[in-house]
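Novice: The number in this note's numbering is simply the position in the sequence shown, starting from 1, with 14 added.
Every residue gets a Cβ at the ideal spot worked out from N, C-alpha and C, and that includes glycine.
Quick caveat: nothing in here was measured; it's all calculated off a predicted structure.
The structure's right below; bear with me while I get my questions together.
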Amino acid sequence: MKLLIFGPPGSGKGTYSSRIEDRIDVKHISTGDIFRSAVKGNTDLGKKVKEYLDSGELVPDELVNKVVKERLEGTDDFILDGYPRTVEQAKFLDGFMDVDAIIVLDVTDEITIERLSARRVCKECGEVFHRLFNKPKKEGVCDKCGGELYHRDDDKPSVIRDRIKTYENMSEPVIEYFEGKIPFVINRCRKADAPIDKMVDGIISQLEEKDILS
Ligand SMILES: [Zn+2]
């Protein structure tokens, strides 16, 4: 099954993806992971990606497309997070792969802000925790790998509103592009402390209802 997941910062994309991964046979793949492994592998594409990342510049569509395609080739069951970000990328993906469904996490700005300001991320594996709603077993330590948890600078409230705006500007045309082409599973969350497992149940049953999960 080939799934895409969209959601504003703070919608819990990482958390949802990893819970969905535990429930059905898909692997969570984020573009961050794809970039990191390309850079680590020191492939030709990886070297180019590194130049952009080091200079703080946005990796251009054409290069993102190549790296993502290289990573996804031969992979059948995944939930992809962070791609496509532009209509160009969406068209490219559409050209080489049939996506089964798009999961959209729909949350309000208030929830985003409430969640992000208490979010802690693992330095080693990127797993996401929350100081109130999704606490690690041991404060400051990742349940998955034992890595150290930290508060990202861009999770500070002053920066969050800009990030929401950026997400909206980015995702709207991409979602529009896929409308009518690919089934959508929309997860509406109106409470910051909505139990994740329940929300994931809802996503899985929508996938079943739409005959995507068989
Ligand atoms: Zn970790």
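Flag this pair as yes or no: are the beta carbons of K27 and D114 separated by less than 7 angstroms?
Specialist: The answer is no: Cβ separation not under 7 angstroms.
Novice: Going by beta-carbon coordinates alone, are R10 and F143 separated by less than 7 angstroms?
Specialist: Coverage of the chain is limited to positions 15 through 228, which leaves residue 10 absent and any answer about it impossible.
Novice: What is the DSSP secondary structure of L162, counted as helix, strand or coil?
Specialist: For the sequence presented, residue 162 should be read as Glu rather than Leu. Note: E162 maps to strand in three-state DSSP.
Novice: Just to confirm my understanding: we take Y66, look at its own chain, exclude 5 residues before and 5 after, and list those with CB closer than 8 angstroms. What are they?
Specialist: Only L72, V73, P74 and L77 meet the Cβ criterion.
Novice: So N183 is in the alpha helix (DSSP H); what residue range does that whole segment cover?
Specialist: Looking at the DSSP string, the run of the alpha helix (DSSP H) that includes N183 is P171 to F192.
Novice: Keeping to the same chain, check which residues put their C-beta closer than 6 angstroms to that of I125; ignore five residues upstream and five downstream.
Specialist: So the list reads A206, once near-sequence residues are dropped.
Novice: Roughly how many angstroms lie between the CA atoms of L59 and S25, to the nearest whole one?
Specialist: Straight-line Cα distance between these residues: approximately 31 angstroms.
Novice: Who are the Cβ neighbours of I200 in its own chain at under 7 angstroms, not counting the five residues just before and after it?
Specialist: Excluding sequence neighbours, I200 sits near V118 and D120.
Novice: E141: beta carbon under 6 angstroms from a heavy atom of ligand 1?
Specialist: Yes; taking the cut-off as 6 angstroms, the Cβ of E141 has a heavy atom of ligand 1 nearer than that.
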